[in-house]
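Below: the structure, in structure tokens.
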Amino acid sequence: MMVSDEQDWDRLVHTAGLVLVDVYNDWCGPCASMETHLKKLRVQSLQNEDRVTLARACCDNIEELAPFRQDPRPTWLFLSSGIPTALMRGANRPLLTKLFLNELELEREGRMPIYIDYKSQRCSLANVMGILSTTIFPFPRSEEHTSELQSPDHL
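Written out as structure tokens, the structure is:
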């Protein structure tokens, strides 16, 4: 699914199930090297009741995605029934595969609705400064997972 404007974005965030969005800029383009891998991964890992949508969204014309406009790295945003649940930056195939399978498993288990603010200073500061070549921000699903997560503040 291609998302190029606010109307397309609004339709995408109202999609049921897990949505993996490749966020890109016009001047940089989507991550073509991961497209085939993600399509194969989706086909191999789906079960009958799973709802998984792969999408590409150009952040240039979508205000909600404005925080991603200056970053040339591939950006992967996971949504669960329209709610952002994870963000990864970089073209790290093994890490993206692991995150995809983890998010799919959480989707199957029925996750608690937790909204993440991917526009926050904490998420963007580490990425803008280039502290990590691949940055992943998994977001807690429940209180028991909160203590296991590490923030970029320790870097």
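Numbering (our numbering), first residue to last: 95 to 249.
Think of the CB as a built atom: it goes at the ideal place given N, C-alpha and C, for glycine as much as any other residue.
Should residue i go down as buried or exposed, given a rule of 16 or more other Cβ atoms within 10 Å for buried?
i	result
residue 221	Below a pLDDT of 50, predicted positions are generally treated as unreliable, and residue 221, at 36, falls in that range; the measurement from the model is reported next regardless. Its Cβ being crowded by 16 or more others within 10 Å, residue 221 is buried.
residue 169	buried
residue 116	buried
residue 113	buried
residue 197	buried
residue 106	buried
residue 193	buried
residue 135	buried
residue 200	buried
residue 140	exposed
Grouping DSSP H, G and I as helix and E and B as strand, with all else coil, what is residue i?
i	result
residue 139	helix
residue 195	helix
residue 35	Because the chain in this structure spans residues 95 to 249, residue 35 falls outside the shown range and cannot be described.
residue 126	helix
residue 183	strand
residue 168	coil
residue 99	coil
residue 116	strand
Tell me, to the nearest whole angstrom, how far the beta carbon of residue i is from that of residue j; I am working on the premise that it is less than 8 Å.
i	j	result
residue 103	residue 160	Contact doesn't hold; Cβ gap of about 12 Å is too wide.
residue 205	residue 174	6 Å
residue 99	residue 155	5 Å
Find the nearest neighbour of residue i within the set the options, judged by alpha-carbon distance.
i	options	result
residue 127	186, 195, 194	186
residue 164	121, 143, 136	121
residue 195	137, 124, 125, 95	137
residue 177	130, 166, 110	110
residue 190	133, 157, 153, 143	133
residue 125	139, 188, 166, 200	166
residue 153	131, 123, 130, 140	123
The stretch 146 to 155 contacting the stretch 176 to 184, beta-carbon criterion three pairs below 8 Å:
no
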